[in-house]
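With this note's numbering applied, the sequence shown has no gaps in its numbers, which climb one by one up to 946 at the end.
Don't be surprised by glycine CBs; every beta carbon is placed ideally from N, CA and C.
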Amino acid sequence: MKKLYIAVLAFCSFNANAQVNGEFESWTTVSSYEDPTGWTTFNLFSTFGDSLSCLKYTPAYSGKYSVLLRPFVSFIGDTAPSIMFQSIAYTSKPNSFRFAYQQNGSGTNDSGIASVEFYKGSTSDPQNMIGYAEVLLGNNLGWRKMEEDITWTDLQTPDSIVIYLISPFQMGAKLLLDDVSLSIYNSGTTAVNSNGQRVFVGRNGKVAVIQNDEAPFDDLNIYDAAGKMVQHIALQVGTTVAEESLPTGIYFYTLSSAGKSDNIVKGKLYHP
């Protein structure tokens with residue numbers, strides 16, 4: 675069956691400066707099914723003769739309930755991932771995105787996704803996004819606690835956030851999530867303004883790093899989606915192109931300066 679990814683633009687809004695029901699302890703009856711309170715799900719699309727794609731689940735990582743997401747066959751016959759999200763008012767700059775998960779049944783190159791996006795202005799305009807964190811979720815049979823640093827691309831304070839939780843595509847896959855939260859703490863790592871450097875992958879699979887004198891870095895480490903380091907590149911000020919090539923996929927990187935533990939930048943790479 676064809677894969678279907680549906681972009682949802684109708685967000686629900688809450689007058690709060692915190693995540694709503696990130697522990698999934700509260701559930702609201704909607705028609706003939708339940709949704710986690712404060713979240714929008716794809717259960718509406720699952721009511722056309724198919725199983726629900728978002729379910730109350732026990733046991734949980736903590737508390738009584740967690741949430742179970744699973745792909746489903748839509749009413750037009752396509753395979754679709756289960757997607758749940760919330761859009762809320764938020765006026766702080768947290769350091770990290772946290773949650774617990776377990777997942778099984780996803781295929782090769784098929785991951786669940788947990789992400790948060792920070793906006794200054796309308797959430798329907800991608801140009802208003804000023805920060806983000808995204809985690810690709812591999813199979814993990816037991817509960818695993820995750821924490822991802824938030825990447826800020828602007829010095830402004832956000833006024834809203836959107837959190838997405840997405841199941842794998844493959845039928846039979848199951849993704850459990852619990853304790854979704856944002857954390858503010860005093861970090862020993864200072865992110866350098868990303869305008870001073872750029873990292874990208876060309877279509878030939880080679881990694882290019884462009885940086886200026888205001889943001890010099892000595893080392894580039896590249897990791898695959900499973901967290902395994904696949905490249906280490908020593909850098910010099912100016913333009914550096916790696917000799918090695920990366921296969922198609924999604925990667926993460928860190929830029930660091932020798933002897934300066936407070937000078938680190940993290941980011942994500944796409945190789946089409």
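Q: Determine which residues share a DSSP beta bridge with Ala-754 and list them.
A: Answer by DSSP bridge pairing, in chain order: Phe-746.
Q) Rounded to a whole number of angstroms, what is the C-alpha to C-alpha distance between Tyr-793 and Ser-725? A) A direct Cα-to-Cα measurement between Tyr-793 and Ser-725 gives close to 34 Å.
Q: Measure from the alpha carbon of Ser-761 to the alpha carbon of each residue in Ile-837, Thr-825, Asp-833, Gly-923, then state which is nearest.
A: Ser-761 has its Cα closest to that of Ile-837, out of Ile-837, Thr-825, Asp-833, Gly-923.
Q) Is the beta carbon of Ile-858 sitting closer than 8 Å to the one on Pro-755? A) It is not a contact, given that the beta carbons lie outside the stated cut-off.
Q: For Phe-759, name the three-state secondary structure that DSSP assigns.
A: Correct three-state label for Phe-759: strand.
Q. Out of Ser-766, Pro-733, Leu-856, which has the shortest C-alpha to C-alpha gap to Asn-695?
A. The residue from Ser-766, Pro-733, Leu-856 with its alpha-carbon nearest to that of Asn-695 is Leu-856.
**Q.** Backbone secondary structure at Asn-769 - three-state DSSP
**A.** In this structure, Asn-769 counts as coil in the three-state DSSP scheme.
Q) Skipping 5 residues on each side, what residues in its chain have a beta carbon closer than 6 Å to that of Met-758? A) Correct list, in chain order: Trp-713, Thr-715, Cys-728, Leu-839.
(Q) So, for Tyr-707: in the same chain, excluding its five sequence neighbours on each side, which residues have a beta-carbon less than 6 Å away from its beta-carbon? (A) Cβ-Cβ distances below 6 Å link Tyr-707 to Asn-717, Leu-726 in the same chain, with the five nearest sequence neighbours on each side left out; the list follows chain order.
Q: Rounded to whole angstroms, what's the CA-CA distance from Asn-895 to Tyr-925? Just pull it up for me.
A: Rounded to the nearest angstrom, the two C-alpha atoms are 10 Å apart.
Q | Straight-line Cα distance separating Val-747 from Ser-861 | A | Summary for Ser-861: the model assigns pLDDT 37, below 50, so the residue's position carries little reliability; its value from the coordinates is reported in the next sentence. Going by the C-alpha atoms only, they are around 44 Å apart.
Q: State buried or exposed for Ala-908, treating a residue as buried only when at least 16 other CB atoms are found within 10 Å of its CB.
A: Here Ala-908 is exposed. Its C-beta has fewer than 16 other C-beta atoms within 10 Å.
Q) If we call anything under 8 Å between Cβ atoms a contact, is Leu-920 one with Phe-874? A) It is not a contact, given that the beta carbons lie outside the stated cut-off.
Q) Hey, Thr-765 and Thr-831: beta-carbon distance below 8 Å or not? A) At the C-beta level, Thr-765 and Thr-831 come within 8 Å of one another.
**Q.** Which of helix, strand or coil DSSP assigns to Lys-940
**A.** Judged by DSSP in its simplified three-state form, Lys-940 adopts strand.
**Q.** Spatial neighbours of Thr-702 in its chain, beta-carbon cut-off 7 Å, leaving aside the 5 residues before and after
**A.** Residues Glu-708, Asp-709, Thr-711 of the same chain have their beta carbon placed closer than 7 Å to that of Thr-702, with the five preceding and five following residues left out of the count.
(Q) DSSP has Leu-729 in a bridge; who is on the other side? (A) Note: Leu-729 sits in a beta bridge opposite Leu-742.
Q. Shortest alpha-carbon distance to Glu-791 belongs to which of Phe-891, Asp-833, Ser-930?
A. Minimum Cα distance to Glu-791 is reached at Asp-833.
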